[in-house]
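Q: Mind looking over this structure? Questions follow.
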Amino acid sequence: MINKLLKQYFWVVLLVLFLAGSLFLDFEPGVKIYSNFNRFFIEMITFLPLMFLLVGLFDVWVPKEKLEKHIGHGTGITGTLWVILFATFQAGPLYSAFPVAYLLSKKGASVRNVFIYLGAFSCLKIPMLTFEIGFLGLRFSILRTFFSLLVFVIIGIVMEKYVGRDFKVMGVK
Amino acid sequence: MAQHKGKNKDGNPGGAGEIMQILIVVSIICLILSFLVSRKKTLAGVKRGGIMFLNLLPAVFIVIFLTSVFLYLIPEKAITEYLGVGSGFFGVMGAALVGSISLIPGFVAYPLSGLLISRGVGYTVVAVFITTLMMVGMLTLPIEIKYFGRKAAIMRNALSFIGALVIGLLIGVFIK
Chain A
1 MINKLLKQYF WVVLLVLFLA GSLFLDFEPG VKIYSNFNRF FIEMITFLPL
51 MFLLVGLFDV WVPKEKLEKH IGHGTGITGT LWVILFATFQ AGPLYSAFPV
101 AYLLSKKGAS VRNVFIYLGA FSCLKIPMLT FEIGFLGLRF SILRTFFSLL
151 VFVIIGIVME KYVGRDFKVM GVK
Chain B
1 MAQHKGKNKD GNPGGAGEIM QILIVVSIIC LILSFLVSRK KTLAGVKRGG
51 IMFLNLLPAV FIVIFLTSVF LYLIPEKAIT EYLGVGSGFF GVMGAALVGS
101 ISLIPGFVAY PLSGLLISRG VGYTVVAVFI TTLMMVGMLT LPIEIKYFGR
151 KAAIMRNALS FIGALVIGLL IGVFIK
């Protein structure tokens, strides 16, 4: 495991050296890549720790039985609605939903609902919908929301069939 | 001399900042409440979150780097130009591919899409672009595989890709 971590951080060190070297030597592609990198990295480095803070707190406070009772296997449409509702109040890029998906899975959410969560997270976030309506109009937004809903619920069902009911999202080790 | 332009190039329009502020406030409130109820549990939670974060950080770092390289090779302007041409089969598939690969946050993608519409690009193309952007992540696939395993991650992305095409085509039927 330590080896694996070292290997991962090895690449990080290498990339940092590349960026630093580019800035130092004024290597143009490197400098441009750095300016892009900076933009995303600042966004991520402020966003992700908060996300993980909430995930950590959620982990210790929400009891498994409770979550399982609401969105576990056999909770049907009600469970799915809960998951979708939960997802719409969030924000951020798709990969910030993965740790939450892990947690939901760990606490006993059904496989279907975990994937539906990812779908709802990517398509139905309320903060993003306000943007969408502003730029593309209400009609577009309603249609896209409706069709997306159908699509990701189907994806959830198919994924559950594909990976099996016992599938668990892994915590990154 | 090095000119570090681009630092505040198209600084994030309002929405992102607001969401960030809300997240900060919510986090602080949760942390305080949690701390008041149980110090021990709070520390355990913070530690757990911290470890998860540190484990994920190298992967995030590499993904952001790849994204930066991608945007260097194909800047956002080129994406707009490219999608601007598109309609028909190749336009739609092009939009799907661009959307699947790029990592453009929603608050940039929506204004960009609005621009595309005003230039006469079809709603199908725009819907496919937005949906793949949100649901399919080729650059973030390494992160997704860490959580879901190769099999599930690839399948979810493949299904989402097809789903995005379906959504786009359906929208094209309803909005001309």
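Protein chains in written order, with the working numbering: chain A, 1 to 173; chain B, 1 to 176. The beta carbon of each residue, even a glycine, is placed where N, CA and C say it ideally should be.
Who are the neighbours of PRO49 (chain A) on chain B, taking C-beta pairs under 7 Å?
A: Ordered by position in chain B, the residues that pass the 7 Å Cβ test against PRO49 (chain A) are PHE53.
Q: Would a check of beta-carbon distances place ASP166 (chain A) closer than 9 Å to chain D?
A: No chain D is part of this structure, whose protein chains are labelled A and B.
Q: Quick check on DSSP: helix, strand or coil for HIS73 (chain A)?
A: coil
Q: So, using beta-carbon positions, are PHE61 (chain B) and VAL12 (chain A) closer together than 9 Å?
A: Taking 9 Å as the cut-off, the beta carbon of PHE61 (chain B) is found closer than this to the beta carbon of VAL12 (chain A).
Q: Go through its chain and collect everything with a Cβ distance to SER148 (chain A)'s Cβ below 6 Å, but skip five positions before and after it.
A: CYS123
Q: Spatial neighbours of GLY14 (chain B) within its chain, please: CB distance less than 6 Å, with the 5 preceding and 5 following residues excluded, ordered by chain position.
A: Note on GLY14 (chain B): pLDDT 47, under 50, position unreliable in the model; the coordinate value appears next. If we look at GLY14 (chain B) and ignore the five residues flanking it on each side, it has no Cβ neighbours.
Q: Does the stretch 27-39 of chain B come into contact with the stretch 61-71 of chain B, if we say contact requires no fewer than three beta-carbon pairs (one atom in each stretch) closer than 8 Å?
A: no
Q: Taking any Cβ of chain A, which residues in the stretch 124-147 of chain B have a Cβ under 8 Å from it, in chain order?
A: Result list: VAL126, ALA127, ILE130, THR131, MET134, MET135, GLY137, THR140, ILE143, GLU144, LYS146 and TYR147.
Q: Report the three-state DSSP secondary structure of ILE175 (chain B) (helix, strand or coil).
A: Shown here, ILE175 (chain B) sits in coil according to DSSP, grouped into three states, outside any helix or strand.
Q: When DSSP labels each residue in this structure, what does ASP59 (chain A) get in the three-state scheme?
A: helix
Q: Starting from VAL163 (chain A) and walking both ways along the alpha helix (DSSP H), at which residues does that stretch end?
A: 138-163
Q: Is there a C-beta anywhere in chain B that falls below 9 Å from the one on ALA20 (chain A)?
A: no
Q: For a contact meaning CB atoms closer than 7 Å, what does GLU132 (chain A) contact in chain B?
A: TYR110
Q: So with Cβ pairs under 9 Å, would you call THR80 (chain B) a contact of chain A?
A: no
Q: Does the Cβ of LEU103 (chain B) have 16 or more other Cβ atoms within 10 Å, making it buried, or fewer, making it exposed?
A: buried
Q: Distance check for LEU143 (chain A) and ILE171 (chain B), CA to CA, integer angstroms please.
A: 7 Å
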